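Asker:
Numbering (my numbering), first residue to last: 1 to 332.
Here's what the structure looks like:
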């Protein structure tokens, strides 16, 4: 998932600089350098590290491929770059193709040049989408400010995960994402595991000021579905995390989510340009179709997570989506 929803960089030279900077920060080195100029022969390589023997090709692609023929045309160009890097005099151990395209499962299939190059033993190859770059940049606020300073909100989410993974299995498919399931989890009723959900959330303060987190609101509701009674959890239901939250799944006649609030007796200081990680543990297992959302109340503003869905298997099971304004009005 693209946490920051950053605007795509369309200037090839700036994109190459961003990729080089990101790799240097990621590997804690200065060895990743841009290779040559446009008029010089680059062997399908834009960024190179002699320390790691990594070659990187950066492609700014304006339009997302909509057909198989368009996708195959892009793959042919990528194949040419891989072959050029393989046949060059450069000491290439791994080839990384970085594009401005969205994450696409088709670039990992048997028809992709990455699969071909790997199976033939030509090179170690990786494909990074724009989503991968944005997710990686979340760990380096200095790069976010350098390249996207005008687009960053003061407070933003860097990560949102649900665990235990063995009980809450994340599922991402084009079908589910088409009607809003960016965070979708299937319940796995397993013995010997703790079934209480843990929400692992990271927030970054991009501003120049220290802010205070004073409380956390939890909005929760069961979604309408004809599926009988949910299965009884076979595992443990033992709370053990620092912040325990009530998941307010009680029925109400308003057909809107219920709300519970975790008031922080000792507010949490979030200093400028720093992240914070919180783990919130629910009080019940989520073993039936449900929707959850969190609101983090700072002294300066309130920020909402996206909706997190559990056990929703079709769009007909989706509740009506309410805006932040609707939620504020409902609980005023």
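Idealized CB from N, CA, C, for every residue including glycine. Just so we're clear, the structure is a prediction, and the values are computed from it rather than from any experiment.
Apart from the five residues on each side of it in sequence, which residues of its chain come closer than 8 Å, Cβ to Cβ, to residue 91?
Answerer: So the list reads 50 and 53, once near-sequence residues are dropped.
Asker: In whole angstroms, what is the alpha-carbon distance linking residue 107 and residue 83?
Answerer: 17 Å
Asker: With a threshold of 16 other CB atoms inside 10 Å of the CB of residue 293, please say whether the residue is buried or exposed.
Answerer: Burial call: buried.
Asker: Taking DSSP as the reference, what is the three-state secondary structure of residue 27?
Answerer: coil
Asker: So, under 8 Å CB-CB, residue 303 and residue 144 are touching, yes? Tell me the CB distance rounded to an integer number of Å.
Answerer: Under the criterion of beta carbons closer than 8 Å, residue 303 and residue 144 do not qualify as touching, at roughly 16 Å.
Asker: Check this for me: beta carbons of residue 56 and residue 98, under 8 Å apart or not?
Answerer: yes
Asker: Decide yes or no for the touch test of the stretch 22 to 29 against the stretch 68 to 87: beta carbon pairs closer than 8 Å, at least 3 of them.
Answerer: no
Asker: Can you look up residue 245 in the DSSP assignment and give me helix, strand or coil?
Answerer: coil
Asker: So if DSSP puts residue 293 in a beta bridge, which residue, or which two residues, is it bridged to?
Answerer: According to DSSP, residue 293 bridges with 219.
Asker: Pull up the CB-CB distance for residue 214 and residue 248, whole angstroms please, since I reckon it's below 8 Å.
Answerer: Not quite, the Cβ-Cβ distance comes to about 19 Å (not below 8 Å), so this is no contact.
Asker: Give the DSSP-derived three-state secondary structure of residue 13 in the structure shown.
Answerer: Residue 13 sits in a helix when the DSSP states are folded into three classes.
Asker: Can you give me the C-alpha to C-alpha distance between residue 150 and residue 207, rounded to a whole angstrom?
Answerer: One C-alpha to the other measures close to 11 Å.
Asker: When the Cα of residue 295 is compared with those of 94, 203, 124 and 233, which residue comes out closest?
Answerer: 203
Asker: Look at the Cβ atom of residue 16, then the Cβ atom of residue 47, and state whether they are nearer than 8 Å.
Answerer: yes
Asker: Identify every run of the beta strand (DSSP E) within the stretch 46 to 105, keeping only runs that are complete inside it and at least 3 residues long; order them along the chain.
Answerer: 47 to 49, 54 to 59 and 94 to 99
Asker: Between which two residues does the alpha helix (DSSP H) holding residue 145 run?
Answerer: 141 to 148
Asker: When the Cα of residue 183 is compared with those of 196, 200, 64 and 278, which residue comes out closest?
Answerer: Among 196, 200, 64 and 278, the Cα nearest to that of residue 183 is on 200.
Asker: Quick check on the burial criterion: 16 or more other C-beta atoms within 10 angstroms. Buried or exposed for residue 18?
Answerer: Counting the other Cβ atoms within 10 Å of the Cβ of residue 18 gives 16 or more, which makes it buried.
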